[in-house]
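Chemist: Let me begin by handing over the structure; questions about it come next.
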Amino acid sequence: MEEYMKVAIVTSAYMMLLTTSLVGMGNLVTKKDFDWITSEPLLLLASATICRLTNDLVGYGFEKKPTAVECYMNENGASKEEAFAELQEQVTKAWKDMNQESLRPTIPVSMPVVTRALNFPRIAHLFYVEDDEYTKSEANIKDIIHGVLVEPIMSV
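Under UniProt numbering, the first residue of the sequence shown is numbered 1, with each subsequent residue one higher.
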């Protein structure tokens, strides 16, 4: 499972997506911010873990590639239900780690960078809360995006 997660976090392209999302932020982003990302801090690893595992949980059974569910089941001789429970626990722990790290007063990057890192798993949660709305985009993804971007709960 540990080996799978090392590869899965890289192949999820989370770090690459986060890095490229900073490019248009102008002077708000410094070299120090990019150095922080490449150091793979706990906040980013937790965020990437949330994205990867939530995708694996909802993709189990229809994706044609092995997921964390199969890896956990094979390594531990666990049932599907046991694997889901353990992976959900790992997601919960990752949320706690990510939130704790984002509130550290000593975090060496600007809040806009931290906010970007926090927003990726938030979006993953929207896409994967019940089903894989990203892969099965004919479903409710239009309504999800409309609700978040066009009619947000709070308006600033």
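Even for Gly, the Cβ is constructed at its ideal location relative to N, Cα and C.
Check whether the region 37-49 and the region 69-84 touch, using three or more Cβ-Cβ pairs below 8 Å as the test.
Modeler: Touching, no, given that fewer than three Cβ pairs across the two stretches are closer than 8 Å.
Chemist: Between 20, 62, 58, which has its C-alpha nearest residue 124's C-alpha?
Modeler: Minimum Cα distance to residue 124 is reached at 58.
Chemist: Check whether the Cβ of residue 126 lies closer than 8 Å to any Cβ atom in chain D.
Modeler: Within the model displayed, chain D is absent; a lone protein chain is all it includes.
Chemist: Are the region 60-70 and the region 97-109 in contact at 8 Å, needing three or more beta carbon pairs?
Modeler: Flag = no, the region 60-70 and the region 97-109 do not touch.
Chemist: Note down the Cα distance separating residue 201 from residue 76, rounded to an integer number of angstroms.
Modeler: This structure gives no information on residue 201, because the portion of the chain shown stretches from 1 to 156.
Chemist: Let me know if residue 25 comes out buried or exposed under the rule of 16 or more other beta-carbons within 10 Å of its beta-carbon.
Modeler: With fewer than 16 other Cβ atoms within 10 Å, it is exposed.
Chemist: Is it buried or exposed, residue 55, if we count other Cβ atoms within 10 angstroms and call 16 or more buried?
Modeler: Buried, by the Cβ-count rule.
Chemist: Per DSSP, what kind of secondary structure is residue 1 in: helix, strand or coil?
Modeler: In the structure shown, residue 1 sits in coil (DSSP, three-state: anything other than H, G, I, E or B).
Chemist: In angstroms, rounded to a whole number, what distance separates the CA positions of residue 155 and residue 19?
Modeler: Annotation note: pLDDT 49 at residue 155 (below 50); position unreliable, coordinate value reported separately. Looking at the two C-alpha atoms, the distance is approximately 27 Å.
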